[in-house]
Amino acid sequence: MLGLFSQDGRADVVANDAGDRVTPAVVAYRDTEQIVGIAAKQGRIRNAANTVVKVKQILGRRYDDPEAQTHIEESKCTVGDLPMYELDTGETTKYVSPGEVAKLIFHKMKETAQSALGSDVKDAVITVPFEFGEMQKNALRNAAEGAGFNVLRLIHEPSAALLAYGIGQESPSGKSHALVYKLGGTSLSVTALEVNSGMYRVLSTHTDHSTGGESFTHALAQHLAAEFKKLYKHDVSSNPRAMMKLMNSADVAKHTLSTLSSANCFVDSLYDGMDFECNVSRARFELICSNLFNKSIQPIKNLLQQVKLSTSDVNKVVLSGGSARIPKLQQMIRDLFPDVELLCSIPPDEVIPVGAAMQAGILVGKESLVLGEDSITVDCCASDILVKEVDESGADIFTVLFPSGTPLPARRQHTLQGPGSLASVCLELFQAQKPLAQTTTCTYCDYGHFIISSQ
3 MLGLFSQDGR ADVVANDAGD RVTPAVVAYR DTEQIVGIAA KQGRIRNAAN
53 TVVKVKQILG RRYDDPEAQT HIEESKCTVG DLPMYELDTG ETTKYVSPGE
103 VAKLIFHKMK ETAQSALGSD VKDAVITVPF EFGEMQKNAL RNAAEGAGFN
153 VLRLIHEPSA ALLAYGIGQE SPSGKSHALV YKLGGTSLSV TALEVNSGMY
203 RVLSTHTDHS TGGESFTHAL AQHLAAEFKK LYKHDVSSNP RAMMKLMNSA
253 DVAKHTLSTL SSANCFVDSL YDGMDFECNV SRARFELICS NLFNKSIQPI
303 KNLLQQVKLS TSDVNKVVLS GGSARIPKLQ QMIRDLFPDV ELLCSIPPDE
353 VIPVGAAMQA GILVGKESLV LGEDSITVDC CASDILVKEV DESGADIFTV
403 LFPSGTPLPA RRQHTLQGPG SLASVCLELF QAQKPLAQTT TCTYCDYGHF
453 IISSQ
């Protein structure tokens, strides 16, 4: 999604050439052409093996990274080593890197911005999930710059969400707490922040990649498959093409049910030439997804317990992500925070790009904005930063230097054991994929190597 900051000091989301304010991050490859957005998503039914989705999950990661492996296992598009997407474009196999895919998406965004403004657009602020590591941020920046953008800054999505509502900016004095709840297409994240003197500091964040808007779509699609089986005595749940058609129909119905009390699902030639039509009420949808709703709320309770805050300690709750539009979910969050202001006047799927556009307005010197600070975020470690050592038996041991949530920049003193005859030592730093306290089989990704010489 793309937000623009206009000359009159307003930030707003603009529509693409199809008239949609949301452009799916989907890229399809056909012979010599590349298709980006809704057309690529809709054509995935016939071209799944050459359609790349969820590229952000693998961008900037090594092939053996656990998150990359999860993406590779779920992808309908073949992913080879390095990693590279392997695309069958006819006579030959084409190899495309995640960075090249992201570059095409950014190029589409640039075209949309230029069409809306009628002039060239270069300066951009890009939002990233809080847990993004440096390699992922660099890969995202490189892709945007490759598409012709001048990246002014990368900011965390929770900070952009707060900035969209001007939280802590119009009356910057005093300390308060805010919670940003994001239910996007493929993940759920909850972030607790401290707002103090116009600055945002992340206290803690929780991200669940097993729950997202697609989870609700999939549950509804499974219900539709069951209804089709009742009517026609055919089980299409194991038919990938039929299920993809049902997923598309369920996705449309899910969005409809956020504003209407019922939605009609129609799929042309779902199976063996048979059309399928089914009406789904909002109450039925809520019943189908009841377990998902409970699963989507539990991380809020866990996070508040972790940062030792009660619901009454939170001053504002901001909703973001397309699936945060679901009325049942909003009501459950209101019930959890009965005395707290729930901010959703900006459409939840637009709040983050609006915040990014406002930050861009700050950085290019738009004086019409009330916000005067050049930076509004105190950067923090998204996860534990560790140093690797070797014990007397030669086994690797990892020591936490900077726990998750540590404000950056930061300094630590740590004594390493080693022979006094060494002229130099290589320090290996790693980033924990999961907090050490939560798992005994912690996975690490390489964070950097530093050579220290005695000369």
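When we follow the numbering used here, the leftmost residue of the sequence shown carries the number 3, and every step to the right adds one.
Ideal placement from N, C-alpha and C gives every residue a C-beta, glycine not left out.
Fair warning: this is a prediction, and the values are worked out from it, not measured in the lab.
Legend entry - C-beta contact flag for residue 217 and residue 207 at 8 Å: Numbered from 1 along the sequence shown, position 215 holds the residue referred to as residue 217. Numbered from 1 along the sequence shown, position 205 holds the residue referred to as residue 207. No.
Legend entry - Neighbourhood of residue 251 by C-beta, 8 Å cutoff - its chain only, sequence neighbours within 5 removed: Taking the first residue of the sequence shown as 1, we reach residue 251 at position 249. Correct list, in chain order: 223, 226, 267, 268 and 269.
Inset, instruction - Could you tell me the distance, in whole angstroms, from the CA atom of residue 136 to the CA atom of residue 145? - result: For the purposes of this step, residue 136 is taken as the residue at position 134 of the sequence shown. For the purposes of this step, residue 145 is taken as the residue at position 143 of the sequence shown. When rounded, the distance between both Cα atoms is 14 Å.
Inset, instruction - Pick helix, strand or coil for residue 393, following the three-state DSSP scheme. - result: The sequence position of residue 393 within the sequence shown is 391, counting from 1. Coil.
Legend entry - Exposure of residue 386, with buried meaning 16 or more beta-carbon neighbours within 10 Å: Taking the sequence shown and counting its residues from 1, one reaches residue 386 at position 384. Residue 386 comes out buried.
Inset, instruction - Could you pull out every unbroken alpha helix (DSSP H) segment of at least 4 residues lying fully inside the region 225 to 272, listed in chain order? - result: Listed in chain order, they are 242 to 258.
Inset, instruction - Would you kindly check if the distance between the Cβ of residue 157 and the Cβ of residue 142 is under 8 Å? - result: Mapped onto the sequence shown, residue 142 falls at position 140. Mapped onto the sequence shown, residue 157 falls at position 155. When the beta-carbon positions are compared, residue 142 and residue 157 stay at least 8 Å from each other.
Legend entry - Three-state secondary structure (DSSP) of residue 156: For the purposes of this step, residue 156 is taken as residue 154 along the sequence shown, with counting starting at 1. Correct three-state label for residue 156: strand.
Inset, instruction - With a 10 Å radius around its C-beta and 16 neighbouring C-beta atoms as the bar for buried, classify residue 487 as buried or exposed. - result: There is simply no residue 487 to check, as the chain begins at 3 and stops at 457 in what is shown.
Legend entry - Local Cβ density within 10 Å of residue 413, reported as buried at 16 or more and exposed below that: As a working note, residue 413 is residue 411 in the sequence shown. Within 10 angstroms of the beta-carbon of residue 413 lie fewer than 16 other beta-carbons, which makes it exposed.
Inset, instruction - Assess, as a yes-or-no matter, whether the region 85 to 98 is touched by the region 276 to 288 under the definition of 3 or more beta carbon pairs within less than 8 Å. - result: no
Inset, instruction - List the endpoints of the continuous alpha helix (DSSP H) containing residue 147. - result: By one-based count along the sequence shown, residue 147 stands at place 145. Taken as a continuous stretch (DSSP letters only), the alpha helix (DSSP H) holding residue 147 covers 136 to 148.
Legend entry - Those residues which DSSP pairs with residue 210 across a bridge: The count along the sequence shown starts at 1 and reaches residue 210 at position 208. For residue 210, which the question treats as bridged, DSSP gives the partners 190.
Legend entry - Three CB pairs or more closer than 8 Å across the region 239 to 248 and the region 345 to 359: No contact exists between the region 239 to 248 and the region 345 to 359.
Inset, instruction - State the beta-bridge partners of residue 91 as determined by DSSP. - result: Locating residue 91 in the sequence shown gives position 89, counting from the first residue. According to DSSP, residue 91 bridges with nothing at all.
Inset, instruction - Could you check what DSSP says for residue 199 in three-state terms: helix, strand or coil? - result: Position 197 of the sequence shown, counting from 1, holds the residue named residue 199. Reduced to three states, the DSSP call for residue 199 is coil.
Inset, instruction - Within its chain, find whatever has a CB closer than 8 Å to the CB of residue 342; leave out the 5 residues flanking it on each side and keep chain order. - result: Looking up residue 342 in the sequence shown gives position 340. Excluding five sequence positions before and after residue 342, the CB atoms of its chain that fall closer than 8 Å to its own CB belong to 313, 314, 316, 317, 318 and 319, given in chain order.
Legend entry - Beta-carbon separation (whole angstroms), residue 51 vs residue 80, contact threshold 8 Å: Locating residue 51 in the sequence shown gives position 49, where the first residue counts as 1. Locating residue 80 in the sequence shown gives position 78, where the first residue counts as 1. Confirmed, about 7 Å.
Inset, instruction - May I ask you to list the residues that DSSP assigns as paired with residue 13? - result: For the purposes of this step, residue 13 is identified with residue 11 of the sequence shown, where counting begins at 1. DSSP lists 7 as the bridge partner or partners of residue 13.
Inset, instruction - Taking 8 Å as the threshold, find out whether the region 294 to 307 comes into contact with the region 158 to 170 through three or more Cβ pairs. - result: no
Inset, instruction - May I ask which residues mark the beginning and end of the beta strand (DSSP E) holding residue 337? - result: One-based indexing of the sequence shown puts residue 337 at position 335. No beta strand (DSSP E) contains residue 337, which is instead part of the alpha helix (DSSP H) from 329 to 338.
Inset, instruction - Identify whether residue 82 lies in helix, strand or coil by the three-state DSSP scheme. - result: Position 80 of the sequence shown, counted from the start, is the residue given in the question as residue 82. DSSP places residue 82 in strand when its eight states are reduced to three.
Legend entry - Per-residue burial, residue 253 [other beta carbons within 10 Å of its own, 16 or more giving buried]: Here residue 253 refers to the residue found at position 251 of the sequence shown. Around the beta carbon of residue 253, a 10 Å sphere encloses 16 or more other beta carbons of the protein chains shown; the residue is thus reported as buried.
Legend entry - Beta-carbon proximity check, residue 461 vs residue 336, cutoff 8 Å: No statement about residue 461 is possible, as the shown extent of the chain runs from 3 to 457 and does not include it.
Legend entry - Given residue 183 as reference, the closest of 271, 9 and 306 once Cα atoms are compared: Along the sequence shown, one-based indexing puts residue 183 at 181. Closest option to residue 183, Cα to Cα, is 306.
Legend entry - Cβ-based burial, residue 416 [other Cβ within 10 Å; buried from 16]: Residue numbering aside, residue 416 sits at position 414 when the sequence shown is read from its first letter. With fewer than 16 Cβ atoms within 10 Å of its Cβ, residue 416 is classed as exposed.
Inset, instruction - Starting from residue 278, trace the beta strand (DSSP E) both ways and give me its first and last residue. - result: Start at 1 with the first residue of the sequence shown, and residue 278 comes out as number 276. Its beta strand (DSSP E) spans residues 276 to 283.
Legend entry - Whole-angstrom distance between residue 274 and residue 165, CA atom to CA atom: As a position in the sequence shown, residue 165 is number 163, starting the count at 1. As a position in the sequence shown, residue 274 is number 272, starting the count at 1. CA-CA distance, residue 165 to residue 274, rounds to 51 Å.
Legend entry - Limits of the alpha helix (DSSP H) - the one that residue 400 falls within: Position 398 of the sequence shown, counted from the start, is the residue given in the question as residue 400. Counting along the chain, residue 400 falls outside any alpha helix (DSSP H), though it belongs to the beta strand (DSSP E) covering 398 to 404.
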